[in-house]
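S.K.: Below are the structure tokens for one structure; questions will follow.
Residue numbers (our numbering), protein chains in the order written: chain C, 34 to 922; chain L, 34 to 922.
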């Protein structure tokens, strides 16, 4: 038979799977000799058995009774004893913290009989009847689903009848009457009397906690947080101690370090003459924990000692709940404390300094997501007003602008705007593109607005439900404030706060320090980040390069630690002033005209490359030959059709647009993403790739002559078959043969499923592969990113059909299989093959972990993601055990 | 040391890899005791050794000398003998027939000395000097690359000087002078005298034949025909016999059956007093072979005996070359004879009747491509004029219509047109779509016109280079005929013939017989086809279903042998009269309006399904739920933009098109193929799939009540993740639960790479898979069929970057890997999983062979391809050995 119950003295913190987080930590404190009230934990296994059958597993009740006797012995009181009764608390405690999701019942053991004994034992009638009242309400709600507001209404009525304002002003008589009224309510709603058998109270409470695992709220929370459905919760049964037995009693919460900044010291709140739930409910004002030094110096000193013990034992910042019952300190709970991103870095570096943890563990204690939070520009809140509303922090960043209430105005209004909508739909896409930020009053992290904004990297606050939009008056009201279209607001996508007016935006000190290349700082957060990043650099195997198309981006990437450029797109170099030239090249009616246009483009491209190679001197620069379909450089078909139709209708000369329209019509593609682009274009348009390669070669030569150390690599996009790569390589080599240059590596993008499936053959003509996981994801799923993120993908996320967007974090099952296939085939065919990734997944921590496992050489990402990728690559190198240890903090 | 040379008496027909086709067959005839001139074969291995080093392999010359002595013994003459010299021919002979590609040198052994001996031995001075002249010309051209036209000019000059018109009128003196002139030419071009050592002539000729493997012509031919580059050619050295030694000599070709019809009898041509090359060159008129009975009865009888021996030995129709030298019959070559598609069927059935081959072998002797040729409608040629031109038969079928010379006229001209262009480009696509057929004067089977036409299934003749188009006069001239735009022509895509005027088109008798369900016929071709198809049906494991969306198609498919419908698309049911209703459904602003529109569509869909289920009563009908993006049912964005812009410019009311334009703009997708379609649409548009499933269920119920046996299956398109299938299945089952029906299988299309890569998970919610290889090919390659077939794909085929369009025949390396992965995963997850394919590859024989190997249950194809698929599936079941035996016929 399984053992379903563990005394606190029998467990340990390693048993969290079985005892839940809270139970394991209670056991650990008990083992450390800290004063924990006696108690025991009923295992998650018992819960799973219950959930499978809706019956308590055989033998559980007997086991509980056995352990209950040990608690009675330890506390010197008996459960249900008519003279000196033991009272119990029953609390849920799952493997992962699920705040507010599970149920708690306090004061179990009080009956019409024992309530008098409690009064006698404590010498406090009022306390005893108030405790009984609370039991009936909590038990009624938790075990028998009696609505709380019915009890609350009775309490309000009692206060009204007594002519008092606060619960605490009710006298013993009032409370006795209220208990009678509560028992009436209980009987009316359940058809039964409130149980007078303490054992029934206990067992039914345990059952209720088990059952609470499957409430809708709990399910939704687990889905959001990615907690498995089949874990179940443990139940902790503990002897009650009371912080509300007079001025020498009280309750508090404490942190071993400041959870906001990570600084050492004494942080927490203390509330005299109160129970824990009063603190949580914020009914009365707590005082800073330091004040306890004056109120109860002995308890304070003991608490400081225990906190120090815990931090040294757990080797991390802990948070603690404690109660003082008539001068005796009891430890009720501890756990690794939640903290802000800044605190996470400061604490990890500090523990490393103190020798409590080593550098690997310090690195494992901080997440790339935390670093990302520290790198976003923030509002300077030093002189900020209070937020007018708070919503879901859906896409980080800081945005400020004029309020617009629809997509059309967003597009038409000059200057930065914040689009404010009840919720967004595909129709709002143009407005979302035009806006600096997006604010909605409905929807959560998977709403249309949230998914699309994250896809665009745009600041977004969702579901700020205090906001009420009035389309007619073109205003919205929020907590009594009316904001009109055109008024300026500021939204913080990292906190979810909404402010009235324009808040100044401050650059992140972390980014400033990284870019300026300092190694120390007055700012402890910056110092901690630099230190842990340095360790990540020391342990990581993955290189980190940048996606950069301009000298400015290249320089910024370099300052942020890029080992080179993994993707230099050349299409941006075809825009701007050069558009006319590119148009001439595209529309050229003869080979001569096209060659003339290409010849004019050549020196411009050469200058581009020369500057980028200079900015990345001594480090590799992977240049991708032109990828997009040529018609992307021309005006849209619909636009031109409208222009020409309008002129023709008016009998005007349709102008040069008529010829352009003809050309665009010929070049129109149904699905340009799958059309004439990439290497297909390169092989189809004579001279195009040759011009680009010549520009690279000439730029390289110029850099060498100037004493530089240029390291270009040439990358061919959209290969689907080895023969394409063979043909492109031949063309490239033919041009390079005309120059006396060190060898320039030639490689292939792997971004079609077929290139991955036939990678062994492709590798015969490629010295390196670079996975283009954006296109690879699009083709593997059959999802056009532009078309799905704004249409059905949010619905898929909401319905749980997909766990997340495959464009944000790599799809291991599908796209990942293609990546590993290509790595295996490619390396088998060419053992020296270089392997990198240049899709946006290269900056996503979960994906970086996958790329590390897949054996790639480097990732490449946008310049600002480079520190994040460095940290993620370092953590990936630590292996699975360490690298996940920070994720629950 | 390798053995490089085999005497004819030492080889056999099984040794074709080593001896080449010609050499193996000469050996076989020798072994059969037929009168073959003595000779030997130098192996392909020797050729490969030569090609690797450009040197004859060690020992080869000695081996040749050894075998030469055996030839001298057998023929009783010595090579280079000044009194009775042996002469030799040297001919290439590769594993696969490469007509006209390789080189031949005759009369080797003639020198200034032996020419006199030959004259004496034959008593024919003129013959001897003419033979010497021919040797110098052939040797000069083949071995030393002396241009032929220089020799031809000298011959013409000699005839002019002699005042004669024909070669045969030149006297001995003329020929002696011509030989002297030829030797001058040879010396001028090579800087050396024509070799007077017969051994040098022999060895250099062998070397030249080896080297000819790598001529450009040979390479191009091999690429076109898919012959491997590394086979090399064998060389056959044979004692010369002469058909030009007087009226008792001659040469001929013969077939053991009529290669046009397959009928038994005596077929061939005979040319008195001539050498084989004279027949090929068509210099003089040959007589029908029957005439040999009168000219030389003994030789004729012997030939008939030998032909019968060969046919019984080879168990197939053979073609033969023979020479009679002064009354002695010599067999110079035999091989399995080429034949028309009709003859292939008749011969195979006839050999089966005669007991020479069994039914499996008879089936292996005919190809699905041959059957396809027999099924195309043909011109009724009974009263047809002679063709005015012949080009490449690029895409089969028969088309007739008015000539148009550009794409615009093709679109604008009412009635059927034939688009005539020098060559086509992507700009011609609208015209190609509008035309009944396409005719070009340039380009071959991989030209733009050919690839696009085959993709469209449109008749096309390419590269009819006699056609000369004059844009100015809007005419083309061909062999003296001038054809004006608007004149009617007819083109035959199966023969490449072009006719003036409208030819009547006749339905294929094979199709007529199949559709009428007869089992015998007066037409021997029809009888043979029915017989071999019946055997294919008996042996095949793959089922054959039809892609059919209408009752008429379903009925036709059934008559052609469909076991059911593998793909019933429902989108066609949303067109025509129903467009307005569908438009309302799409544009519905509220749930109510959409539901009302869906409710009106329901009875229409139900009627569709009822009729199709009736037409396929008792057989499965796989209905695919709606797949295309909804905006496909609305007008195009550019079109509407033009309409509205025109009206607005004129100050007119833009009409209902303005609202429509707004909707189309909102629904516009960059890449609709990868957008909101398939199951994504089904899950996104409430009620759509439910309506379709309800219509299927109601139709099924109605058919059961009418006493029918309806067998619908429901197929969900474009699944990329198992969860989509789970959700769609739940919706479908919810609707079906409202009906009391036998179980309706629910399956998934496998048409995204990800569905294939995660097929094990998808199979948990799918009772069957149907591979949609069109989309799977598009996504795996990143090729949008619409966009690539008209743009870069023809160039890829011409440059040999791709061996063929992956949309015509399945890409085994890429798409095929995904198919086999999905089959393995799917069957592992659900052993009873049904597996079919419904992409167009389901009708392609090479692809069907792959699907058989991959273990699918059925293929599905367009109704007219069903007999072809049945034959292909039967051949696939015979296994690799038999199934390829017909492909070289």
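Just so it is clear, CB atoms sit at the ideal spot from N, CA and C, and this is done for glycine as well.
Tell me whether residue 514 of chain L is buried or exposed, calling it buried when 16 or more other Cβ atoms sit within 10 Å of its Cβ.
M.R.: Locating residue 514 of chain L in the second chain gives position 481, where the first residue counts as 1. The residue in question, residue 514 of chain L, is exposed, as its Cβ has fewer than 16 Cβ neighbours within 10 Å.
S.K.: DSSP three-state label for residue 37 of chain L, please.
M.R.: Locating residue 37 of chain L in the second chain gives position 4, counting from the first residue. Looking at residue 37 of chain L - three-state DSSP - the assignment turns out to be coil, as it is neither helix nor strand.
S.K.: Across which residues does DSSP place residue 894 of chain C in a beta bridge pair?
M.R.: Here residue 894 of chain C corresponds to residue number 861 of the first chain, with the count starting at 1. Residue pairing from DSSP places residue 894 of chain C in a beta bridge opposite C/579.
S.K.: Return the chain-ordered list of same chain residues with a C-beta closer than 8 Å to the C-beta of residue 15 of chain L, the five sequence neighbours on each side being excluded.
M.R.: Examination of residue 15 of chain L is not possible in this model, given that chain L is present from 34 through 922 alone.
S.K.: For the alpha helix (DSSP H) containing residue 108 of chain L, name the first residue and the last one.
M.R.: Counted from its first residue, the second chain places residue 108 of chain L at position 75. That run of the alpha helix (DSSP H) goes 93-108.
S.K.: For residue 553 of chain L, which residues in the same chain have their Cβ closer than 8 Å to its Cβ, ignoring the five residues on either side in sequence?
M.R.: Working through the second chain from its first residue, we reach residue 553 of chain L at position 520. Answer for residue 553 of chain L: 560 and 563, listed in chain order.
S.K.: Using a Cβ cut-off of 8 Å, pull out every chain L residue sitting near residue 445 of chain C, in sequence order please.
M.R.: What you label residue 445 of chain C is simply residue 412 of the first chain in a count that begins at 1. Per Cβ cutoff of 8 Å: no residues; residue 445 of chain C is ~16 Å from chain L at best.
S.K.: Given a cut-off of 8 Å, decide if residue 140 of chain L and residue 103 of chain L are closer than it, judged by their beta-carbon atoms.
M.R.: Counting from 1 along the second chain, the entry for residue 103 of chain L is found at position 70. Counting from 1 along the second chain, the entry for residue 140 of chain L is found at position 107. Result no, Cβ atoms of residue 103 of chain L and residue 140 of chain L do not sit closer than 8 Å.
S.K.: Which same chain residues end up closer than 6 Å to residue 297 of chain L when comparing Cβ atoms and leaving out the 5 residues on each side of it in sequence?
M.R.: Here residue 297 of chain L refers to the residue found at position 264 of the second chain. Contacts found: 290.
S.K.: Can you have a look at residue 683 of chain C and say buried or exposed, based on whether 16 or more other CB atoms are within 10 angstroms of its CB?
M.R.: Translated into positions along the first chain, residue 683 of chain C becomes position 650. Looking at its Cβ environment, which holds fewer than 16 other Cβ atoms inside 10 Å, residue 683 of chain C is exposed.
S.K.: Within 10 angstroms of its Cβ, does residue 327 of chain L collect 16 or more other Cβ (buried), or is it exposed?
M.R.: Position 294 of the second chain, counted from the first residue, corresponds to residue 327 of chain L. It counts as exposed.
S.K.: For a contact meaning CB atoms closer than 8 Å, what does residue 679 of chain C contact in chain B?
M.R.: Protein chains in the displayed structure are C and L, and chain B is not among them.
S.K.: Measuring straight from C-alpha to C-alpha, what distance separates residue 214 of chain C and residue 227 of chain C?
M.R.: Here residue 214 of chain C corresponds to residue number 181 of the first chain, with the count starting at 1. Here residue 227 of chain C corresponds to residue number 194 of the first chain, with the count starting at 1. If you take the alpha carbons of residue 214 of chain C and residue 227 of chain C, they lie about 12 Å apart.
S.K.: Any beta carbon from chain C within less than 8 Å of residue 949 of chain L's own beta carbon?
M.R.: Residue 949 of chain L lies beyond the residue range present for chain L, which begins at 34 and ends at 922; the question has no answer from this structure.
S.K.: Any C-beta of chain L sitting closer than 8 Å to the C-beta of residue 791 of chain C?
M.R.: Within the first chain, numbered from 1, the residue matching residue 791 of chain C stands at position 758. Cβ-Cβ to chain L under 8 Å: yes for residue 791 of chain C.
S.K.: Tell me the residue span of the alpha helix (DSSP H) that contains residue 160 of chain C.
M.R.: Residue 160 of chain C sits at position 127 when you count from the first residue of the first chain. Run containing residue 160 of chain C: 158-177, per the alpha helix (DSSP H) assignment.
S.K.: Suppose you measure from the CA of residue 677 of chain L to the CA of residue 676 of chain C; what does that come to, to the nearest Å?
M.R.: Position 644 of the second chain holds residue 677 of chain L. Position 643 of the first chain holds residue 676 of chain C. Whole-angstrom Cα-Cα distance: 11 Å.
S.K.: Kindly list the residues whose CB is nearer than 6 Å to the CB of residue 511 of chain C, restricted to its own chain and excluding five residues on each side of it in sequence; keep chain order.
M.R.: Position 478 of the first chain, counted from the first residue, corresponds to residue 511 of chain C. Excluding residues within five positions, the ones whose Cβ falls inside 6 Å are 421, 422, 499 and 500.
S.K.: Would you mind telling me which residues of chain L sit closer than 8 Å to residue 828 of chain C, beta carbon to beta carbon, in chain order?
M.R.: Here residue 828 of chain C refers to the residue found at position 795 of the first chain. Those are 716 and 717, listed as they occur along chain L.
S.K.: Grab me the residues of residue 428 of chain L's own chain with a C-beta within less than 7 Å of its C-beta, minus the 5 sequence neighbours each way, in chain order.
M.R.: Position 395 of the second chain, counting from 1, holds the residue named residue 428 of chain L. The answer, listed in chain order, is 483, 486, 487, 491, 492, 493 and 526.
S.K.: Could you tell me whether the Cβ atoms of residue 712 of chain L and residue 654 of chain L are closer together than 8 Å?
M.R.: Taking the first residue of the second chain as position 1, residue 712 of chain L is located at position 679. Taking the first residue of the second chain as position 1, residue 654 of chain L is located at position 621. It is not a contact, given that the beta carbons lie outside the stated cut-off.
S.K.: To the nearest angstrom, how far is the alpha carbon of residue 200 of chain C from that of residue 238 of chain C?
M.R.: What you label residue 200 of chain C is simply residue 167 of the first chain in a count that begins at 1. What you label residue 238 of chain C is simply residue 205 of the first chain in a count that begins at 1. Residue 200 of chain C and residue 238 of chain C have their C-alpha atoms some 26 Å from each other.
S.K.: Kindly provide the ranges of any beta strand (DSSP E) runs that are 3 or more residues long and lie completely inside the region 257-311 of chain L, ordered along the chain.
M.R.: 266-272, 283-290 and 297-305
S.K.: Any beta-carbon of chain C closer than 8 Å to the one on residue 916 of chain L?
M.R.: If you number the second chain from 1, residue 916 of chain L lands on position 883. For residue 916 of chain L, the predicted model reports a pLDDT of 45, less than 50, meaning its position is unreliable; a value from the coordinates is still stated below. It does not; no Cβ of chain C falls within 8 Å.
S.K.: Give a yes or no on whether the C-beta atoms belonging to residue 619 of chain C and residue 575 of chain C are separated by under 8 Å.
M.R.: To locate residue 619 of chain C, count along the first chain from 1; it is residue 586. To locate residue 575 of chain C, count along the first chain from 1; it is residue 542. Going by C-beta atoms, residue 619 of chain C is not nearer than 8 Å to residue 575 of chain C.
S.K.: Is residue 408 of chain C helix, strand or coil by DSSP?
M.R.: Counting from 1 along the first chain, the entry for residue 408 of chain C is found at position 375. The answer is helix: DSSP assigns residue 408 of chain C an H, G or I state.
S.K.: First and last residue of the alpha helix (DSSP H) that includes residue 614 of chain L?
M.R.: Mapped onto the second chain, residue 614 of chain L falls at position 581. From DSSP, the alpha helix (DSSP H) with residue 614 of chain L extends over 612-620.
S.K.: So with Cβ pairs under 8 Å, would you call residue 899 of chain C a contact of chain L?
M.R.: Within the first chain, numbered from 1, the residue matching residue 899 of chain C stands at position 866. For residue 899 of chain C, the answer is no, since every Cβ of chain L falls outside 8 Å of its Cβ.
S.K.: Counting only beta-carbon separations shorter than 8 Å, does residue 922 of chain C have a partner in chain L?
M.R.: The residue labelled residue 922 of chain C in the question sits at position 889 within the first chain. Residue placement at residue 922 of chain C is poorly supported in this model, since its pLDDT is 43, which falls under 50; the coordinates still yield a value, given next. By this cut-off, residue 922 of chain C is not an interface position.
S.K.: Using DSSP bridges, identify the partner residues of residue 246 of chain L.
M.R.: For the purposes of this step, residue 246 of chain L is taken as the residue at position 213 of the second chain. Looking at the DSSP assignment, residue 246 of chain L forms no beta bridge with any residue, so it has no partner.
S.K.: Any idea which residues DSSP pairs residue 869 of chain C with across the strands?
M.R.: Mapped onto the first chain, residue 869 of chain C falls at position 836. Looking at the DSSP assignment, residue 869 of chain C forms a beta bridge with C/803 and C/891.
S.K.: Here's the rule: buried if 16 or more other CB atoms are within 10 angstroms of the residue's CB, otherwise exposed. What is residue 473 of chain L?
M.R.: Within the second chain, numbered from 1, the residue matching residue 473 of chain L stands at position 440. The residue in question, residue 473 of chain L, is buried, as its Cβ has 16 or more Cβ neighbours within 10 Å.
S.K.: In its own chain, which residues sit with a C-beta less than 6 Å from the C-beta of residue 374 of chain C, not counting the 5 before and 5 after it?
M.R.: Position 341 of the first chain holds residue 374 of chain C. Answer for residue 374 of chain C: 403, 406 and 407, listed in chain order.
S.K.: Short of 8 Å Cβ to Cβ, which residues in the region 529-547 of chain C face chain L?
M.R.: none
S.K.: If you follow the beta strand (DSSP E) that residue 523 of chain L is in, where does it begin and where does it stop?
M.R.: Here residue 523 of chain L corresponds to residue number 490 of the second chain, with the count starting at 1. 521-525 is the span of the beta strand (DSSP E), which, as asked, contains residue 523 of chain L.
S.K.: If the cut-off is 9 Å on Cβ atoms, which residues from the region 736-755 of chain C count as contacting chain L, listed in chain order?
M.R.: 751, 753 and 754
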